[in-house]
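Participant: Please see the structure below; I have some questions.
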Amino acid sequence: MHRCLTIAEILQHIFEHIPVSRNLVNLAAVCHAFSEPALEILWQDVSLWTLVVYTVPTSVLDVSEITNALDNGSTTVKRVARMVCPPRPEEMDRFIYYASFIRSLHVSGNYWKGKYKHPMVLDSSIFDALVFLQRPQLTLPNLRSLSISSLPAWMCGRLDIFLVPSIRKLVYGSITSNDQTCIPFMAQMRRSCAQVEILQLKNLSDSQEVLKGVHKFIGSFSNIRQLDYLHTWPDGAILHLLAQMPALEDLKYYMMGHGSATQAFGPRLPHAFRCFPSLKTLRVQSNKLSHIELLLTMVQSAPLEQLILTRCSPHAEAQWSNEHRVFRTLTVLRLTSRWSDISVTFLARMSLPCLEELHINSTDSLGDSISTVSATCSLSSLRCLHIHRACTPTGLTIPIDSVIRPLLAFYRIEHLRLSSRHTFEISDKTLEEFASSWPHLKHIYLGSDADKNASSVTLKGIASLAFHCTGLEHIALPVVNITRAPTIEGLGCQNTHRNSNVKEIDFGPTAVPAECIEEVASVLSQIFPTLRKFRTKASTFALNLQPSDPPSLI
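Residue numbers (UniProt numbering): 1 to 554.
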């Protein structure tokens, strides 16, 4: 059978075969042939709770709810699974069989499943049985990913059965401030899972002993390609450790604390050392600008392609250094700072000769952001620009005609998204400049949260833009309020070529009278044959392929 078939397709093939063949033996053989691939799909990603509760026979397993009274008079409920007696080997055969299909296993102190609001817990008797059961058959041959979280101390010493050499992804979260078992447990994982390539680690401890243990733990995996590391205490030494990892390609680095001192463990790197020799993607989220800057200085020589920076606290330092940084291979940059005007300052101190995609989310003014983009980015490489101004609405109007003018020189623009809580003022003349400057335009969005509509753009201007930019697929522009239904002749479209790429149109704050909706939809469907959806101030409408069908409200 083909491995790409879905379970629905598998069942359809089986049910279609039933009326055709009266040979029940052959039908049983077909079902058996499909069963193993189906089980591989169903059991590839499960929790230990699911594995135990659904495979261990009820003759030896008890699942019950326990209610505990609290001092304040309230109660807590948890669901507990426990062995009522030691299982015989044959009673665990079903457990062993289904465990062989698992590729990703989640082990935790508490489980939450579906709509069940109370925690579910595996009693220590479960682990006693699994440790006693350990034998050559129980090797989890297909296990590639292991996720471990919220473990009680007694559980850490009983996880050997799941720490298998085949694991390539290891998720360990989190190390709490009073965790006394994490260091020996990390040593245990190092010995058993030496070939890990993807590591996720959350360290909430400020203990120097734990920090040293974490350094040793991360540094022991020479094959790590992807690392997701969160910690709460400034630790400059970890950056120098990561810089020496030869295979690291993707780094997510989150530093959430506000500590003032930077811990320093281990040797500093030589000045001429090339840091992060394989790093292509870097995501940094931190409260401390100095910590972000240290990391950015170290990755300048890396073959970096994607850089995502998030400053997540309004109380951190507000000034970047004056150092100018060059990122010669960077193609994607995302900057987010919701509480201070530092994104544009940071961007102004960068050289980005190959940047293709830029996202800015900050309180910087839209005009300042666009001016900095035009001075920093390459005219021949930038294809996608998203700028969102996270400001408080004040009733101001932004004249897009003049603000956006510096961007017209970027002739490769394909995606443009500008959003603000202020009102946009835009005209058909600006759309004409868009059409002549950006022939490759595919997506344009100028959005505002303001209720006021200051646009003088007409449907004729929208149609003209779409005819000149033949690749345009999504149009989101405020237009002047529509008071009566347009006509093909009135839009000047009776003898023009239709744009068959436009799929969605969004009129933003524009009001459309209810009695005109069907006629507007009909005209839009004729101009844009593949249009599926258009939005107005009040509603979203889905269009059908048949011109005679009325638009349906979503």
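Yeah, the Cβ is synthetic: ideal placement off N, Cα and C, and Gly gets one too.
The structure presented is a predicted model; accordingly, all values stated were derived computationally and were not measured.
According to DSSP, is residue 308 part of a helix, a strand, or is it coil?
Facilitator: Taking the sequence shown and counting its residues from 1, one reaches residue 308 at position 308. The answer is strand: DSSP assigns residue 308 an E or B state.
Participant: Would you call the CB atoms of residue 455 and residue 425 closer than 9 Å?
Facilitator: Looking up residue 455 in the sequence shown gives position 455. Looking up residue 425 in the sequence shown gives position 425. Yes, the Cβ-Cβ distance between residue 455 and residue 425 is below 9 Å.
Participant: If you reduce the DSSP assignment to three classes, tell me which class residue 145 lands in.
Facilitator: Within the sequence shown, the letter at position 145 stands for residue 145. Residue state, collapsed to three classes: strand.
Participant: Look up residue 405 in the DSSP assignment and say whether it is helix, strand or coil.
Facilitator: In the sequence shown, the residue the question calls residue 405 occupies position 405. In the structure shown, residue 405 sits in a helix (DSSP, three-state: H, G or I).
Participant: Expressed to the nearest angstrom, what Euclidean distance is found between the alpha-carbon atoms of residue 419 and residue 445?
Facilitator: Taking the sequence shown and counting its residues from 1, the one referred to as residue 419 is at position 419. Taking the sequence shown and counting its residues from 1, the one referred to as residue 445 is at position 445. So the alpha carbons of these two residues sit roughly 8 Å apart.
Participant: Under three-state DSSP, which class holds residue 252?
Facilitator: To locate residue 252, count along the sequence shown from 1; it is residue 252. Strand.
Participant: The beta strand (DSSP E) that contains residue 198, what's its start and end?
Facilitator: In the sequence shown, residue 198 corresponds to position 198, counting from 1. 198-203 is the extent of the beta strand (DSSP E) around residue 198.
Participant: I'd like the ranges of any beta strand (DSSP E) spanning at least 3 consecutive residues and lying wholly in the region 320-387.
Facilitator: Listed in chain order, the complete beta strand (DSSP E) runs (minimum 3 residues) inside the region 320-387 are 332-337 and 357-362.
Participant: In the DSSP assignment, the beta strand (DSSP E) including residue 83 goes from what residue to what residue?
Facilitator: Sequence index remark: in the sequence shown, residue 83 carries index 83 (1-based). Looking at the DSSP string, the run of the beta strand (DSSP E) that includes residue 83 is 75-83.
Participant: Does residue 178 pass the burial test, meaning 16 or more other C-beta atoms within 10 Å, or should it be called exposed?
Facilitator: Indexing the sequence shown from 1 puts residue 178 at position 178. Flag for residue 178 reads exposed.
Participant: Below 7 Å CB to CB, which residues in the same chain sit around residue 524 once its five sequence neighbours on both sides are set aside?
Facilitator: Looking up residue 524 in the sequence shown gives position 524. So the list reads 505, 531 and 534, once near-sequence residues are dropped.
Participant: Which residues does DSSP list as the beta-bridge partners of residue 98?
Facilitator: Taking the sequence shown and counting its residues from 1, one reaches residue 98 at position 98. Bridge partners of residue 98: none, in fact.
Participant: Indicate whether residue 161 and residue 131 have their beta-carbon atoms separated by less than 9 Å.
Facilitator: Within the sequence shown, numbered from 1, the residue matching residue 161 stands at position 161. Within the sequence shown, numbered from 1, the residue matching residue 131 stands at position 131. In this structure, residue 131 lies closer than 9 Å to residue 161 by Cβ.
Participant: Let me know the secondary structure DSSP gives residue 534 once reduced to three states.
Facilitator: One-based indexing of the sequence shown puts residue 534 at position 534. Strand.
Participant: Assuming the contact rule is C-beta atoms closer than 8 Å, residue 377 and residue 352 should be a hit. Round their C-beta distance to whole Å, please.
Facilitator: For the purposes of this step, residue 377 is identified with residue 377 of the sequence shown, where counting begins at 1. For the purposes of this step, residue 352 is identified with residue 352 of the sequence shown, where counting begins at 1. So it is a contact: roughly 6 Å between Cβ atoms.
Participant: What residues match up with residue 167 in a beta bridge as DSSP calls it?
Facilitator: For the purposes of this step, residue 167 is identified with residue 167 of the sequence shown, where counting begins at 1. Paired residues: none, contrary to the question.
Participant: Please determine if the region 140-150 and the region 98-105 are in contact, where contact requires at least 3 C-beta pairs separated by less than 8 Å.
Facilitator: As far as the Cβ criterion goes, the region 140-150 touches the region 98-105, which means the pair count is three or higher.
Participant: Is residue 67 buried or exposed, if buried means 16 or more other CB atoms sit within 10 Å of its CB?
Facilitator: Taking the first residue of the sequence shown as position 1, residue 67 is located at position 67. Flag for residue 67 reads exposed.
Participant: Find out if the Cβ-Cβ distance for the pair residue 417, residue 448 is shorter than 9 Å.
Facilitator: Taking the first residue of the sequence shown as 1, we reach residue 417 at position 417. Taking the first residue of the sequence shown as 1, we reach residue 448 at position 448. The answer is no: Cβ separation not under 9 Å.
Participant: Which same chain residues end up closer than 7 Å to residue 239 when comparing Cβ atoms and leaving out the 5 residues on each side of it in sequence?
Facilitator: The residue given as residue 239 occupies position 239 in the sequence shown. Same-chain partners within the cutoff: 294, 295 and 298.
Participant: Taking only the alpha-carbon atoms, compute the straight-line gap between residue 157 and residue 12 and give it to the nearest angstrom.
Facilitator: Taking the sequence shown and counting its residues from 1, one reaches residue 157 at position 157. Taking the sequence shown and counting its residues from 1, one reaches residue 12 at position 12. Looking at the two C-alpha atoms, the distance is approximately 47 Å.
Participant: On the DSSP bridge assignment, give the partners of residue 506 in chain order.
Facilitator: As a first step, residue 506 must be located in the sequence shown, where it is residue number 506. Its beta-bridge partners are 476 and 535.
Participant: Can you give the Cα-Cα distance for residue 430 and residue 400, rounded to whole angstroms?
Facilitator: The sequence position of residue 430 within the sequence shown is 430, counting from 1. The sequence position of residue 400 within the sequence shown is 400, counting from 1. Cα to Cα, the separation comes out at about 8 Å.
Participant: Please report the Cβ distance between residue 78 and residue 121, rounded to the nearest whole angstrom; I am assuming they are in contact, meaning their Cβ atoms lie under 8 Å.
Facilitator: Start at 1 with the first residue of the sequence shown, and residue 78 comes out as number 78. Start at 1 with the first residue of the sequence shown, and residue 121 comes out as number 121. Indeed, because the Cβ distance is near 6 Å, the residues count as touching under 8 Å.
Participant: So, with DSSP's three-state summary, where would you put residue 129?
Facilitator: Sequence index remark: in the sequence shown, residue 129 carries index 129 (1-based). Here residue 129 sits in helix by DSSP.
Participant: Within the same chain, show all residues whose beta-carbon is closer than 6 Å to that of residue 397, passing over the 5 residues directly before and after it, in chain order.
Facilitator: Residue mapping note: residue 397 aligns to position 397 of the sequence shown, counting from 1. Excluding positions up to five away in sequence, the list reads 423, 425 and 454.
Participant: Tell me whether residue 195 sits in a helix, a strand or coil according to DSSP, three-state version.
Facilitator: Residue mapping note: residue 195 aligns to position 195 of the sequence shown, counting from 1. Reduced to three states, the DSSP call for residue 195 is coil.
Participant: Buried or exposed for residue 536, please, with buried defined as at least 16 other CB atoms from any protein chain shown within 10 angstroms of its CB.
Facilitator: Your numbering for residue 536 matches position 536 in the sequence shown. By the 10 Å Cβ count, residue 536 comes out buried.
Participant: Per DSSP, residue 68 is paired with what?
Facilitator: Taking the sequence shown and counting its residues from 1, one reaches residue 68 at position 68. Beta-bridge pairing links residue 68 to 76.
Participant: I'd like to check one pair, residue 358 with residue 332: are the Cβ atoms closer than 9 Å?
Facilitator: Position 332 of the sequence shown, counted from the first residue, corresponds to residue 332. Position 358 of the sequence shown, counted from the first residue, corresponds to residue 358. Against a cut-off of 9 Å, the Cβ pair of residue 358 and residue 332 comes out as a contact.
Participant: So, at 6 Å on beta carbons, what are the nonlocal neighbours of residue 180 in its own chain, with the 5 sequence-adjacent residues on each side left out?
Facilitator: Here residue 180 refers to the residue found at position 180 of the sequence shown. Contacts found: none.
Participant: Using DSSP with H/G/I as helix, E/B as strand and the rest coil, what is residue 44?
Facilitator: As a working mapping, residue 44 is identified with position 44 in the sequence shown. Coil, per DSSP.
Participant: Specify, as a first and last residue, the run of the alpha helix (DSSP H) that residue 107 falls within.
Facilitator: Working through the sequence shown from its first residue, we reach residue 107 at position 107. Premise fails: residue 107 lies in the beta strand (DSSP E), 104-108, not in any alpha helix (DSSP H).
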